[in-house]
Amino acid sequence: MEVLFEFQENILRNVKNDFRRYLHEQINWNQRMIAIKGPRGAGKTTLMLQYLKYDLGAPETALYVTADHTWFYSHTLLDTANDWYKQGGKILIVDEVHKYKNWSVELKNIYDGLPDLKIIFSASSALDIYRGEADLSRRVVSYMLAGLSFREYLQFSYNIIFDPVTIDDIYTNHRNLSRIVNEKLRPLPAFRKYTETGYLPIFIEGEDTYALKLNQIINTIVDTDLAYIAAYNPGTANKVKKLLGVIAESVPFKPNIAALSRKLDISRDSIYQYIYQLKDARLLNTLSSEGKGVSTLQKPDKVYLENTNLAYALKGSPDIGSIRETFVFNQLLNAGLDVYAPKAGDFVFDGYTLEIGGKNKTASQVKHTDNYLVVADDIETGAGNKAPLWLFGFLY
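Residue numbering for the sequence shown follows my numbering, starting at 42 and increasing by one per position.
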């Protein structure tokens, strides 16, 4: 196993502790089996390695492996865990477990057969860990790591730390919250950069290559991750990319399944399936009316790209109105809120109704509703029931 120890040492050497994602404090690290899911580039690997290096002190009883390492060409995950356990191993961290064919069966066998071994693994957000060949539902605690919030982006880019806020805070106190931020920086220029190139931490490698890397991530998700998880072949992957391209051209997209079926030569059932697989893979978000089913054969009211960076990568000059809605929807979902399509306004959740627009947006469409907010772009500070758009990036 020396090759794995050497691999771990080389990886840990470059892990820094100057920035930690919001999820780190939310994880109960005492659980015996922990799953960390999320989109590519969100920082799952760094999160686990920071825990290994800085929280645990990189003990000799902890081992990090990645499921696509050449070691697993000739060794099973189960055998590796058994050998590690016999050598005194207490913790096994497995990165990108979805790339290992029998991941669920072998993880179950490791959990049941090695009761003193703690298992932490990461997986694509598209992986349903409760529907593998083996039942892990009673064994694993799963967490989802989203892309950066605007608040995290400011900390990562400008080293300015703000506390997260709740939607109740924004509704009752957005003017004071805005003032606190405005005293430390002018948020609008930073917000523009964030919506274009700030959602994934990989922007630190260079904003000029970010769109290229984001397109590579999209291709890898469809060609590789979904090939492992949903058994996509090259023909299927090509159809899914075409569907994603059509949606990107007109987000928020109101699906006409029959027209899509004719245009892309894909069956109606397959289009529904692809939309929800792309949602699970964190490339799309879907919006439905409250009370509407979430079946894969249920048409959503609207389909959005998962984040604003995808819009700039796929279209170049996306509609600013769709950018505003995409941002707010994304941040609300990432904060764990259940969001629905209202009869009036753009989004409704927890009794609040939001109307999204530019700085001159009025409450004419939602003023008859209870607990409404006009969420306006291009303003640093709001007043009354009008709050700045960028402040919704502080929810996590």
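Heads up, the beta-carbon is just placed ideally off N, CA and C, and yes, glycines get one too. It should be emphasised that the depicted structure is a prediction, and the values quoted were computed from it without experimental measurement.
Buried versus exposed call for isoleucine 361 [16 or more other C-beta atoms within 10 Å across all chains shown]
On the sequence shown, position 320 is the one that residue 361 refers to. Classification for isoleucine 361: exposed.
Whole angstroms are fine: how far does the CA of tyrosine 437 sit from the CA of glutamate 147?
Counted from its first residue, the sequence shown places residue 147 at position 106. Counted from its first residue, the sequence shown places residue 437 at position 396. Looking at the two C-alpha atoms, the distance is approximately 34 Å.
Under a Cβ-count criterion, where at least 16 other Cβ atoms within 10 Å of its own Cβ denotes burial, should glutamate 396 be classed as buried or exposed?
If you number the sequence shown from 1, residue 396 lands on position 355. Classification for glutamate 396: buried.
Where does valine 106 fall in DSSP's three states?
On the sequence shown, residue 106 is found 65 positions in, with the first residue counted as 1. Valine 106 falls in the strand class under three-state DSSP.
If you draw a straight line from the C-alpha of isoleucine 77 to the C-alpha of aspartate 124, how long is it?
Stepping through the sequence shown from its first residue, residue 77 is reached at position 36. Stepping through the sequence shown from its first residue, residue 124 is reached at position 83. About 24 Å.
Helix, strand or coil for proline 429? Go by DSSP, reduced to three states.
Reading the sequence shown from its first residue, position 388 is the one you call residue 429. It is a strand residue.
Taking its Cβ as the centre, do 16 or more other Cβ atoms sit within 10 Å of valine 415, making it buried, or is it exposed?
Locating residue 415 in the sequence shown gives position 374, counting from the first residue. By the neighbour-count rule (16 or more Cβ atoms within 10 Å), valine 415 is buried.
Boundaries of the alpha helix (DSSP H) in which tyrosine 381 is found, first to last residue
As a first step, residue 381 is located in the sequence shown; it is residue number 340 there, counting from the start. Where tyrosine 381 is concerned, there is no enclosing alpha helix (DSSP H), given that its DSSP letter is neither H nor E.
Could you give the distance in angstroms between the alpha-carbon of alanine 289 and the alpha-carbon of alanine 231?
Taking the first residue of the sequence shown as 1, we reach residue 289 at position 248. Taking the first residue of the sequence shown as 1, we reach residue 231 at position 190. Roughly 24 Å between the two C-alpha positions.
If we count the other Cβ atoms within 10 Å of its Cβ and call it buried at 16 or more, is lysine 408 buried or exposed?
Position 367 of the sequence shown, counted from the start, is the residue given in the question as residue 408. That one is exposed.
Can you round the beta-carbon distance between glutamine 314 and serine 190 to whole angstroms, since I take them to be within the 8 Å contact cut?
The sequence position of residue 314 within the sequence shown is 273, counting from 1. The sequence position of residue 190 within the sequence shown is 149, counting from 1. The pair is not a contact, with the Cβ atoms about 30 Å apart (cut-off 8 Å).
Go ahead and label threonine 121 buried or exposed: buried means 16 or more other beta carbons lie within 10 angstroms of its beta carbon, across all protein chains shown.
Locating residue 121 in the sequence shown gives position 80, where the first residue counts as 1. With 16 or more other Cβ atoms within 10 Å, it is buried.
Output needed for isoleucine 68: all residues of its chain with C-beta closer than 7 Å, excluding positions within five of it in sequence on either side, in chain order.
Here residue 68 corresponds to residue number 27 of the sequence shown, with the count starting at 1. Closer than 7 Å at the Cβ level, and outside the excluded window around isoleucine 68, lie Ile75 and Tyr184.
Nearest to serine 178 (by Cα), restricted to the options Thr250, Arg73, Leu93 and Leu284:
Sequence index remark: in the sequence shown, residue 178 carries index 137 (1-based). Comparing Cα-Cα distances from serine 178 to each of Thr250, Arg73, Leu93 and Leu284, the minimum goes to Arg73.
Kindly confirm or deny that the segment 107–119 and the segment 141–157 touch, where touching means at least three C-beta pairs closer than 8 Å.
yes
Specify whether the segment 260–280 and the segment 83–98 touch according to this definition: at least 3 beta carbon pairs, one from each stretch, less than 8 Å apart.
no
Who are the Cβ neighbours of arginine 192 in its own chain at under 7 Å, not counting the five residues just before and after it?
The count along the sequence shown starts at 1 and reaches residue 192 at position 151. So the qualifying residues of the chain are Phe203, Pro205, Gly434 and Phe435.
How many whole angstroms separate the CB atoms of glycine 79 and isoleucine 258, which I take to be in contact at a CB cut-off of 8 Å?
As a first step, residue 79 is located in the sequence shown; it is residue number 38 there, counting from the start. As a first step, residue 258 is located in the sequence shown; it is residue number 217 there, counting from the start. Glycine 79 to isoleucine 258, Cβ: 12 Å. No contact.
Can you give the beta carbon distance from asparagine 326 to tyrosine 345, rounded, assuming they're within the 8 Å contact cut?
Locating residue 326 in the sequence shown gives position 285, where the first residue counts as 1. Locating residue 345 in the sequence shown gives position 304, where the first residue counts as 1. With a Cβ gap of about 5 Å, asparagine 326 and tyrosine 345 count as contacting.
Give, in chain order, every unbroken run of the beta strand (DSSP E) that is at least 3 residues long and sits entirely within the segment 296–331.
325–328
If you check the beta carbons only, do tyrosine 381 and glutamate 237 fall under 7 Å apart?
Taking the first residue of the sequence shown as 1, we reach residue 381 at position 340. Taking the first residue of the sequence shown as 1, we reach residue 237 at position 196. Contact: no.
At which residue ranges does the segment 126–194 contain complete beta strand (DSSP E) runs of 3 or more residues, listed in the order of the chain?
132–136, 159–165 and 182–185
For the candidate residues Arg62, Lys159 and Arg54, whose alpha-carbon lies nearest to that of threonine 102?
What you label residue 102 is simply residue 61 of the sequence shown in a count that begins at 1. Among Arg62, Lys159 and Arg54, the Cα nearest to that of threonine 102 belongs to Lys159.
Can you name, in chain order, every residue of its own chain whose Cβ lies under 6 Å from the Cβ of leucine 168, other than the five neighbours on each side?
Numbered from 1 along the sequence shown, position 127 holds the residue referred to as residue 168. Contacts found: His139 and Ile270.
Looking only at its own chain, which residues have a Cβ that is under 6 Å from the Cβ of leucine 378, when we skip the five neighbours before and after it?
What you label residue 378 is simply residue 337 of the sequence shown in a count that begins at 1. So the qualifying residues of the chain are Phe390.
Nearest to isoleucine 420 by alpha carbon, out of Glu43, Tyr317, Leu324 and Arg227?
Numbered from 1 along the sequence shown, position 379 holds the residue referred to as residue 420. Taking only the C-alpha atoms, the option nearest isoleucine 420 is Arg227.
Apply the 10 Å Cβ neighbour rule to glutamine 128 and answer buried if 16 or more other Cβ atoms are within range, or exposed otherwise.
In the sequence shown, counting from the first residue as 1, residue 128 sits at position 87. With fewer than 16 other Cβ atoms within 10 Å, it is exposed.
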